[in-house]
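To start, the structure under review is shown below, and the notes come after it.
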Amino acid sequence: MNRWFPWLLAALALVPLLGGAYALRLGTEVVAWGIAATALAFLYRTTGLVSLGHSAFFGGGAYATALLVKNMGASVYPLAVLLAILLGLAFSLILSFLGLRSHGIFFLMLTLAFSQLVYILVKQGFPGITGGDDGLPGVPRPPGLEEPAVYYLAGLALLLGILLLYRAFIASPLGQVMDALRQNEKRVEVLGYNIRRLKLLASGLSGALAALGGAYLVGYRGFVHPHDLSWTTSGLLLVMAVVGGMRPLSAGVVGATILIALEAFLSSYTDLWNLFLGIFLMAAAWTALRSRGAIHVGA
Amino acid sequence: MWALELRQVYKSFGGLLALAGVDLKVSFGERRAVVGPNGAGKSTLFRVAGGEHRPDRGEVLLFGQRVTGLPPHRLAQMGLARTFQVASLFPEKDVLGHVVLAALAFHSLGHRPLPHRLSALEGQVLEVLERVGLSHRARTPVAALSYGEQRLVELAMALAQKPRLLLLDEPLAGLAEEERERVKGILHTLPREMTVLLIEHDLDFAYGFADRVTVLHQGQVLREGLPDEVRRDPQVIQVYVGKDQEADAALPSSSSPRTGPALLEVRGLRAGYGQGEVLRGVDLEVRPGEAVGILGRNGMGKTTLLSAIMGLLPAQGEVRLEGKALPPGALGRAQAGLALVPQGRQPIPGLSVEEELLLALRPGRWTLEAIYELFPRLRERRHAPSTVLSGGEQQMLAIARALLRNPKLLLLDEPTEGLSPLLVKTIREVLRELSRQGESLLLAEQNATFALGLVEKVYILEKGRIVECTEAACLRHEPERLRMWMG
Amino acid sequence: MEFYLFVLLNGLAYAALLFLLAAGLSLVYGVGRVLHLAHGGFFMLGGYMGYSLYQWTGSFWLALALAPLLALALGLLAERLVRVVYGPERALEQVLFTFGMAFVISDLTRLFWGAQVLGVPPPPALNRPMDLGAVVYPAYPLFLILIGAVVALGLWILMRFTRFGLEVRAAAGHPQMAEALGVPTTQVLQRTYLLGVALAALGGVLAAPRIALAPGLDFTMLILGLIVVVVGGLGSVSGALYGALLVGLADSFGRTFLPQFALAVIFLLMALVLVFRPEGLLGGRR
Chain C
1 MNRWFPWLLA
11 ALALVPLLGG
21 AYALRLGTEV
31 VAWGIAATAL
41 AFLYRTTGLV
51 SLGHSAFFGG
61 GAYATALLVK
71 NMGASVYPLA
81 VLLAILLGLA
91 FSLILSFLGL
101 RSHGIFFLML
111 TLAFSQLVYI
121 LVKQGFPGIT
131 GGDDGLPGVP
141 RPPGLEEPAV
151 YYLAGLALLL
161 GILLLYRAFI
171 ASPLGQVMDA
181 LRQNEKRVEV
191 LGYNIRRLKL
201 LASGLSGALA
211 ALGGAYLVGY
221 RGFVHPHDLS
231 WTTSGLLLVM
241 AVVGGMRPLS
251 AGVVGATILI
261 ALEAFLSSYT
271 DLWNLFLGIF
281 LMAAAWTALR
291 SRGAIHVGA
Chain F
1 MWALELRQVY
11 KSFGGLLALA
21 GVDLKVSFGE
31 RRAVVGPNGA
41 GKSTLFRVAG
51 GEHRPDRGEV
61 LLFGQRVTGL
71 PPHRLAQMGL
81 ARTFQVASLF
91 PEKDVLGHVV
101 LAALAFHSLG
111 HRPLPHRLSA
121 LEGQVLEVLE
131 RVGLSHRART
141 PVAALSYGEQ
151 RLVELAMALA
161 QKPRLLLLDE
171 PLAGLAEEER
181 ERVKGILHTL
191 PREMTVLLIE
201 HDLDFAYGFA
211 DRVTVLHQGQ
221 VLREGLPDEV
231 RRDPQVIQVY
241 VGKDQEADAA
251 LPSSSSPRTG
261 PALLEVRGLR
271 AGYGQGEVLR
281 GVDLEVRPGE
291 AVGILGRNGM
301 GKTTLLSAIM
311 GLLPAQGEVR
321 LEGKALPPGA
331 LGRAQAGLAL
341 VPQGRQPIPG
351 LSVEEELLLA
361 LRPGRWTLEA
371 IYELFPRLRE
381 RRHAPSTVLS
391 GGEQQMLAIA
401 RALLRNPKLL
411 LLDEPTEGLS
421 PLLVKTIREV
431 LRELSRQGES
441 LLLAEQNATF
451 ALGLVEKVYI
461 LEKGRIVECT
471 EAACLRHEPE
481 RLRMWMG
Chain E
1 MEFYLFVLLN
11 GLAYAALLFL
21 LAAGLSLVYG
31 VGRVLHLAHG
41 GFFMLGGYMG
51 YSLYQWTGSF
61 WLALALAPLL
71 ALALGLLAER
81 LVRVVYGPER
91 ALEQVLFTFG
101 MAFVISDLTR
111 LFWGAQVLGV
121 PPPPALNRPM
131 DLGAVVYPAY
141 PLFLILIGAV
151 VALGLWILMR
161 FTRFGLEVRA
171 AAGHPQMAEA
181 LGVPTTQVLQ
191 RTYLLGVALA
201 ALGGVLAAPR
211 IALAPGLDFT
221 MLILGLIVVV
231 VGGLGSVSGA
241 LYGALLVGLA
251 DSFGRTFLPQ
261 FALAVIFLLM
271 ALVLVFRPEG
281 LLGGRR
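Structure follows, in structure tokens:
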């Protein structure tokens, strides 16, 4: 995977030149979703935790940015994005604090419940602020980045920066410890590391990054919708991360590319996108099992 | 001030008291071996000392400071390092990665989030790898290492932490001969300032390595002192080898050699855990109505053998019951007529005594009533949850439910482990009675005298192989031979 | 006073539905160590199949009887698939697989029944108010409470007094030892799964006269089911019962006093439990 990843990036960089407006739109989606899927993969890669509620951060980041920018003008974009990231960080930390006191499975349920909570609150709880079922349209573009191609390239640069930071982080001492955390948590603890703190850190970073992805998405798309907070979005992010392989740095971006291309292709033929997503997920589980070892039946 | 001190430490799990008021004082720079039969509480002691378990009562002091209840990483930061009995590594990393991680733990570099040249650590890491002899394997992923090499990585990690106190959990377990020598060599060259606490079943090594020895029995310190004193202490010998005047009193009646087709046939059995091979080709036979013993010191493979015969472990080789090959899993073998009284009794959480018995029940000679007659105590406690029973009661339950399977062959794994002498006597009487009634028994025991007072034929298991097979009567009259194998 | 009784009874009726959903979820986790994220889908399927059966036969009671049976048939297929991800070390694969199954059920349901909101009227016999002295209350939710109590009792008897229940508890408590004592854990798992699915579908049919059938119901119910088992403790039927009662009542009172934030109240409940008693109120086993 890692060998032809630079080629993929190069191809993505060439989209404004070779593709049309539609390709550019898809490319921007790839960047936004790619950032969020990378966040999800990062969380799994370091801690072994699976989040089923990353839509809360992804969509939440979008909503936070949209709200601020709509009400205070496009000039506050930097502030809005920063706020989105901080919110993602904060809620992620709270969730992991609650969920890590026992089994990892509780973290999973907690993320799912939390994202559902956010979804309902946004959809029905505060419709005056959040636009309820209709979402928030009319979000302006950031100043200086109004051109789609420019916005896209800026996003690509951002993505590249994130991936380089990710790589640097994994190569660092702390990153090495986090890498080991998923593989054998107990051992890491016995060596003298505070694993709860490490998990909190990974979780916070993951939430923050996903929120950044959401902020990027809304800046381009111009609107945000409760669907961005739904379980379908969480599921899609998970499939992306899994299809990309979960562990490599490229996982999120590769997965996002494949899934967005697939959705673009399939949506012209069928309405049953969730069905395919579901089958994809099941197939991914099967493959993950096979690569881990023999398929073992029974308790 | 002591390097490690345990004051009146109690720890129980469910109904079982694993540590019953243990006092331990280890001086700085001392080499202490903790020995004792299975079930004595050695692992629990280690886990309490390592911060994995919090004692119910009592205090743990590390380098003079109260550390009772602190999590493992805090203890590690204070200077404690541990190795695990079964290598606990990071499957995707290489050897170097492991040692670096260990060395980083309390280095200020450990928390740097950006790449940093680790030159400061390089020297230390390379030195450790030299020490354990893994320099040439530094870049090899640990998944590709042999079991012995993996254990060496464990050791290397512990050394890289530059601990002040090192807890070694059976460092020689499961290793082949050359590997054992290598590890022994490394252990002998440990710096003198390092305090070492060691659990080991290889008593020759333990006694040779340690400055002082603590013997645990049934969760309490039985004896503590210099190796030679402890080794010769009659109480200690009794606990290990078993010495019971009544052993000779009632010998099993059948002394004529058994003929006829074998009930159980095992040929070339190989099995192990993870990378380690514990059984290296075991052959044995049990004839109908026979009582057969498997003797051997701890760590030689007795439990692995019985588990493999029962189908609880994947294994290679042949296991036949009444001439027919047995299916691979435990369910199939249970249905075919094997029943296991497992090590540690293994009560089923959530079930009462009677429920466990009913669960096991199969038609045949043994009925619920008959069992209650044999074990009146179980009748009294029949509505109690099985997990709150005392050790002896749980052992009776384990035997009872295996009997209720009305099996063709009863497998018993260390049925006397952790039991008081009175209970040991009771169990022996029960087993003798079963044997008299014609039940076929395969018994694995480290308490040799107990076994010899019960069985007709004995196999001795040493490092995964059968090294001797003789009449029990012979061994009973040759205590030296027995001592040689049992330590 | 009358008002509070009303809210209380509503909460209990809702708790009955939640119990039917959560009991299966909890049991399947206890025996197979797998979190069945498609469980909400079977609840919803039960409701939709109940709707179709009602349309076809005109009888609510027939629909009630047949829908769980249909769900069992589907469950047989589903179980053969889920079987590959049983076991404690497979968190990621379990999530992927059961979540994927949930998506499949979700879209297939939308394909067959469409996206509009469907409903089933309560049977005429129960479509009237009952005078309970202190309060006048509709018969149908009372019926739900009754069914919930009957099922809870039935499950208790099943677990405590039957061979199947014994095997389920043994497989949940110590699967290896249970196998060595002749318990066919794979079969036990299968039957537990089927039981869970049937209960969920039953809950779905019963819910149809009270809750709107529309896409999204599966995940809404799944979330609630998860909260119930977190609060009550994973792995036991009694945990599901207590959790369902708490969540049902919290929901009812929440809806009454803080209408848009009912779910937030429930979520807060879950958060509190996780902080102070992470194994759940009745948890504490593996």
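Chains as they are written, first to last, in the UniProt record's numbering: chain C, 1 to 299; chain F, 1 to 487; chain E, 1 to 286.
We put the CB at the ideal spot given by N, CA and C, even for glycine.
Cβ-based neighbour list, residue i, same chain, cut-off 6 Å, excluding 5 preceding and 5 following
i: E/A244; result: A15, L18, F19, A22 and V228
i: E/V136; result: P129
i: F/P342; result: D413
i: C/A294; result: Its pLDDT being 40, under 50, C/A294 is placed unreliably by the model, and nothing is read from it.
i: C/L208; result: Inspection of the sequence shows that residue 208 of chain C is occupied by Ala rather than by Leu. Here the set comprises I85, G88 and L89.
i: F/L152; result: V132 and L134
i: residue 339 of chain C; result: The first residue shown for chain C is 1 and the last is 299, placing residue 339 of chain C beyond what the model contains.
Contact set between residue i and chain E, taken where Cβ atoms lie within less than 9 Å
i: C/R101; result: L274, V275 and P278
For residue j and residue i, the rounded distance between their alpha carbons
i: F/A413; j: F/S27; result: It is Asp, not Ala, that sits at residue 413 of chain F in the sequence shown. Roughly 37 Å separates the two Cα atoms.
i: F/G438; j: F/P288; result: 8 Å
i: F/G272; j: F/A87; result: 13 Å
i: F/V467; j: F/A360; result: 35 Å
i: E/L5; j: E/A250; result: 14 Å
i: F/A247; j: F/A400; result: In this prediction, F/A247 scores a pLDDT of 47, lower than 50, which makes its location untrustworthy; the coordinate-derived value is nonetheless stated afterwards. Distance between the alpha carbons of F/A247 and F/A400 is about 24 Å.
i: E/I266; j: F/K162; result: 50 Å
i: residue 488 of chain F; j: F/G41; result: A question about residue 488 of chain F goes unanswered here, because the residues of chain F that appear run from 1 up to 487.
i: C/R196; j: C/F114; result: 20 Å
i: E/G233; j: F/P349; result: 16 Å
i: F/R164; j: F/G225; result: 22 Å
i: F/K243; j: F/A120; result: Because the pLDDT of F/K243 is 49, which lies under 50, any placement of that residue in the model is unreliable, and the number read from its coordinates should be weighed accordingly. When rounded, the distance between both Cα atoms is 57 Å.
i: C/L49; j: E/A200; result: 28 Å
i: C/R45; j: F/L263; result: 52 Å
i: F/S43; j: F/R7; result: 17 Å
i: C/P140; j: C/F169; result: 34 Å
i: F/R74; j: F/Q65; result: 12 Å
Own chain, CB closer than 7 Å to residue i, minus 5 neighbours either side, in chain order
i: C/P142; result: A74, Y77 and G219
i: F/V230; result: V213, V215, R223 and V236
Distance between beta carbons of residue j and residue i, contact taken as under 8 Å
i: F/A444; j: F/T303; result: 7 Å
i: F/R192; j: F/L159; result: The pair is not a contact, with the Cβ atoms about 14 Å apart (cut-off 8 Å).
i: F/D63; j: F/G51; result: Checking the sequence, you will find Phe at residue 63 of chain F rather than Asp. Not a contact, Cβ separation roughly 14 Å.
i: E/P175; j: E/T186; result: No, E/P175 and E/T186 are not in contact; Cβ-Cβ is about 10 Å, not under 8 Å.
i: E/V117; j: E/L213; result: 7 Å
i: F/E200; j: F/A33; result: 6 Å
i: F/M310; j: F/L145; result: Not confirmed; about 30 Å, so no contact.
i: F/F209; j: F/L187; result: 6 Å
i: F/L155; j: F/R82; result: Wrong, their Cβ atoms sit about 11 Å apart, outside the cutoff.
i: F/V266; j: F/G317; result: 7 Å
Contact set between residue i and chain C, taken where Cβ atoms lie within less than 7 Å
i: E/V7; result: Those within 7 Å of E/V7 in chain C number zero; the least Cβ separation is about 20 Å.
i: E/A264; result: L117 and L121
Cβ-based neighbour list, residue i, same chain, cut-off 8 Å, excluding 5 preceding and 5 following
i: E/M270; result: I227, V230 and V231
i: F/A315; result: L269, R270, A271, L279 and A308
Interface partners of residue i on chain E, CB under 8 Å
i: C/G104; result: A91
Proximal chain F residues relative to residue i, where beta-carbon distance stays under 7 Å
i: C/N71; result: Ordered by position in chain F, no residue passes the 7 Å Cβ test against C/N71, which lies about 35 Å from the chain.
Cross-chain neighbours of residue i in chain E, by beta carbon under 7 Å
i: C/W231; result: F219
i: F/I399; result: Under the 7 Å cutoff, chain E gives no residues; its nearest Cβ is about 13 Å from F/I399.
| field | chain E contacts from the segment 273-284 of chain C (Cβ-Cβ distance under 9 Å) | value | Flagged, chain order: W273, N274, L275, F276, L277, G278, I279, F280, L281, M282, A283 and A284.
| message | Against chain F, which members of the segment 170-187 of chain C pass a CB distance test of less than 8 Å? | response | A171, S172, P173, L174, G175, Q176, V177, D179, A180, Q183, N184, K186 and R187: these are the residues of the segment 170-187 of chain C whose beta carbon lies less than 8 Å from some beta carbon of chain F, given in chain order.
| Can you list, in chain order, the residues of the segment 350-364 of chain F whose Cβ is nearer than 9 Å to any Cβ on chain E? | If the cut-off is 9 Å between Cβ atoms, the segment 350-364 of chain F has G350, L351, E355, E356, L358, L359, A360 and R362 near chain E.
| message | Beta carbons nearer than 9 Å to chain C: which residues of the segment 55-69 of chain E have them? | response | Interface annotation for the segment 55-69 of chain E against chain C: empty, criterion Cβ-Cβ distance under 9 Å.
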